[in-house]
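Participant: My questions will all concern the structure given below.
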Amino acid sequence: MRNFKQGKFQQGVTLIELMIALALGVIVLLGVVSGMSALTSSNRTQINNNNLLETGNTALSYVAFQLRGALASPCDRFTEIENLQVNLPTLPAVSGGADTAIETADELGNLIQGLGISVNTTTVTVNGQNLNTDNITFFGTDNRLFDPSGAGSLQANEVYAITDCKRMDIDTGTSIEALRATYTPQIIAPLVASVISVDDNRLFVRSLFAGNRSRLMENVELMRVFFGVDTSGDGVVDTFKTASEVKSSERIISAEIYVLVRAEQSDFPSVGDYTVFLPNTSGSINGINDDSQVTFTDRIPRKVFTRSINFRNNTKVF
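FYI, in this note's numbering the residues of the sequence shown are 178 to 495.
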């Protein structure tokens, strides 16, 4: 019988070679796991960014559409109102609180003269920080109050509008003089309003228009609106003002809308805070400055989206 001997390169794997192979396998496995983790994190970040973008664009488009419609309305033009008083009966308490009576329709307090838009600024708490947000009220008129073929009367405390399609006066039936006044039936119409807010507390404020309030969108934490006005008459925006700062001699050229949007979930792989820039002022703005930097530490992705809209008719307030 022939006896075969193993050559030098035909012997079994040594322990050192086995350990090297295992080490290489572990390195490859760690690389695969690291790559999968990075891919998962990237995918989650992309999903968050897409959701933020979709929410921001939708919110901006809706607000811009409402503003364009309000400023371009050919008929519903309102005169300036300062703290319209409405003496309504005491309303029952909500959730065990004290009974309260409405004394002021505060949505009308910052009504832009000549336009059916009111913007009121309130404070919301976002990640422990108090930030300014705007609540927008769009005013309009419902169907005419009276049938032209018949007679009718106004009730005390009703809010109504009197218009000739050039100007619109807002009044309430709270005085003898108002109730005694005689108007052509066709020009008297009920005043209606739609309130857009991101402040949950604001949505439940007692008001003449409490039934027409709605939250802008989920995950929109803040909204600001500034109006670009022409103060010199040259057709160019000189500064951006809040609604309460717009004067009767100025022309509204454009509007700047800002919304702060948050993601649905935290981004735990992120080790840094999220810093955004937004106008947190209560007055006019001339660009973003250092005071507009806000940092959030809860690791929830947030972004500020902004949109500029121009009004073709260069609406001038009356």
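Using N, Cα and C, we set each Cβ at its ideal position, and we do this for glycine too. No experiment lies behind these values; they were computed from the predicted model shown.
Per the DSSP calculation, Val436 is bridged to which residue(s)?
Facilitator: Walking along the sequence shown from the start, residue 436 turns up at place 259. For Val436, which the question treats as bridged, DSSP gives the partners Met400 and Phe482.
Participant: Is it buried or exposed, Asn225, if we count other Cβ atoms within 10 angstroms and call 16 or more buried?
Facilitator: The sequence position of residue 225 within the sequence shown is 48, counting from 1. By the neighbour-count rule (16 or more Cβ atoms within 10 Å), Asn225 is buried.
Participant: Measuring alpha carbon to alpha carbon, tell me which residue in Gln470, Thr232, Ala198 and Arg401 is nearest Thr300.
Facilitator: As a position in the sequence shown, residue 300 is number 123, starting the count at 1. Checked all of Gln470, Thr232, Ala198 and Arg401; the closest Cα to Thr300 is Arg401.
Participant: Name, in chain order, the residues that DSSP records as bridge partners for Leu308.
Facilitator: Position 131 of the sequence shown holds residue 308. In the DSSP output, where bridge partners are listed per residue, Leu308 has Val301.
Participant: I'd like to know whether the C-beta atoms of Ser461 and Lys418 end up nearer to each other than 8 Å.
Facilitator: Within the sequence shown, numbered from 1, the residue matching residue 461 stands at position 284. Within the sequence shown, numbered from 1, the residue matching residue 418 stands at position 241. Yes, the Cβ-Cβ distance between Ser461 and Lys418 is below 8 Å.
Participant: Check whether the Cβ atoms of Asp376 and Asn312 lie closer than 8 Å to each other.
Facilitator: The count along the sequence shown starts at 1 and reaches residue 376 at position 199. The count along the sequence shown starts at 1 and reaches residue 312 at position 135. Against a cut-off of 8 Å, the Cβ pair of Asn312 and Asp376 comes out as a contact.
Participant: In this structure, how does DSSP classify Gly405 when only helix, strand and coil are distinguished?
Facilitator: Residue numbering aside, residue 405 sits at position 228 when the sequence shown is read from its first letter. Residue state, collapsed to three classes: strand.
Participant: Distance check for Phe316 and Asp467, CA to CA, integer angstroms please.
Facilitator: Stepping through the sequence shown from its first residue, residue 467 is reached at position 290. Stepping through the sequence shown from its first residue, residue 316 is reached at position 139. Caution applies to Asp467, whose pLDDT of 42 falls short of 50 and renders its modelled position unreliable; the value that the coordinates give is listed next. Those two C-alpha atoms are separated by around 35 Å.
Participant: Would you report the Cα separation of Ala486 and Ile429, rounded to the nearest angstrom?
Facilitator: On the sequence shown, residue 486 is found 309 positions in, with the first residue counted as 1. On the sequence shown, residue 429 is found 252 positions in, with the first residue counted as 1. According to the sequence provided, residue 486 is Ile. The question's Ala does not apply to it. If you take the alpha carbons of Ile486 and Ile429, they lie about 11 Å apart.
Participant: May I have the straight-line CA-CA distance separating Leu230 from Leu199, to the nearest angstrom?
Facilitator: Here the question's residue 230 lines up with position 53 in the sequence shown. Here the question's residue 199 lines up with position 22 in the sequence shown. Distance between the alpha carbons of Leu230 and Leu199: 46 Å.
Participant: Assuming Lys418 is part of the beta strand (DSSP E), what are its boundary residues?
Facilitator: Taking the sequence shown and counting its residues from 1, one reaches residue 418 at position 241. That run of the beta strand (DSSP E) goes Thr416 to Lys418.
Participant: Which of helix, strand or coil does DSSP assign to Ile224?
Facilitator: Within the sequence shown, the letter at position 47 stands for residue 224. Three-state result, Ile224: helix.
Participant: Do you know whose CA, among Ala432, Thr314 and Thr302, lies nearest Ala370's CA?
Facilitator: Within the sequence shown, the letter at position 193 stands for residue 370. Measuring C-alpha to C-alpha distances from Ala370 to each of Ala432, Thr314 and Thr302 identifies Thr314 as the nearest.
Participant: Are the beta-carbon atoms of Val471 and Val438 separated by less than 8 Å?
Facilitator: In the sequence shown, residue 471 corresponds to position 294, counting from 1. In the sequence shown, residue 438 corresponds to position 261, counting from 1. No, the Cβ-Cβ distance between Val471 and Val438 is not below 8 Å.
Participant: Quick check on the burial criterion: 16 or more other C-beta atoms within 10 angstroms. Buried or exposed for Pro325?
Facilitator: In the sequence shown, the residue the question calls residue 325 occupies position 148. At Pro325 the pLDDT is 48, less than 50, meaning the model places this residue with poor confidence; the figure from the coordinates comes in the next sentence. Exposed, because fewer than 16 other Cβ atoms sit within 10 Å of the Cβ of Pro325.
Participant: Just to confirm my understanding: we take Phe454, look at its own chain, exclude 5 residues before and 5 after, and list those with CB closer than 7 Å. What are they?
Facilitator: Within the sequence shown, numbered from 1, the residue matching residue 454 stands at position 277. Ile465, Ser469, Gln470 and Val481.
Participant: Straight-line CA distance for Ile373 to Ile477?
Facilitator: Sequence index remark: in the sequence shown, residue 373 carries index 196 (1-based). Sequence index remark: in the sequence shown, residue 477 carries index 300 (1-based). If I take the Cα positions, the gap works out to 24 Å.
Participant: Going by DSSP, what residues sit across from Phe454 in a beta bridge?
Facilitator: Working through the sequence shown from its first residue, we reach residue 454 at position 277. Bridge partners of Phe454: Gln470.
Participant: Taking DSSP as the reference, what is the three-state secondary structure of Ile193?
Facilitator: Along the sequence shown, read from residue 1 onward, the residue named residue 193 stands at position 16. Ile193 falls in the helix class under three-state DSSP.
Participant: Do Thr416 and Val423 have their CB atoms nearer than 8 Å?
Facilitator: The residue labelled residue 416 in the question sits at position 239 within the sequence shown. The residue labelled residue 423 in the question sits at position 246 within the sequence shown. Result no, Cβ atoms of Thr416 and Val423 do not sit closer than 8 Å.
Participant: Are the beta-carbon atoms belonging to Ser443 and Asp411 less than 8 Å from one another?
Facilitator: What you label residue 443 is simply residue 266 of the sequence shown in a count that begins at 1. What you label residue 411 is simply residue 234 of the sequence shown in a count that begins at 1. For Ser443 and Asp411, no; Cβs fall outside 8 Å.
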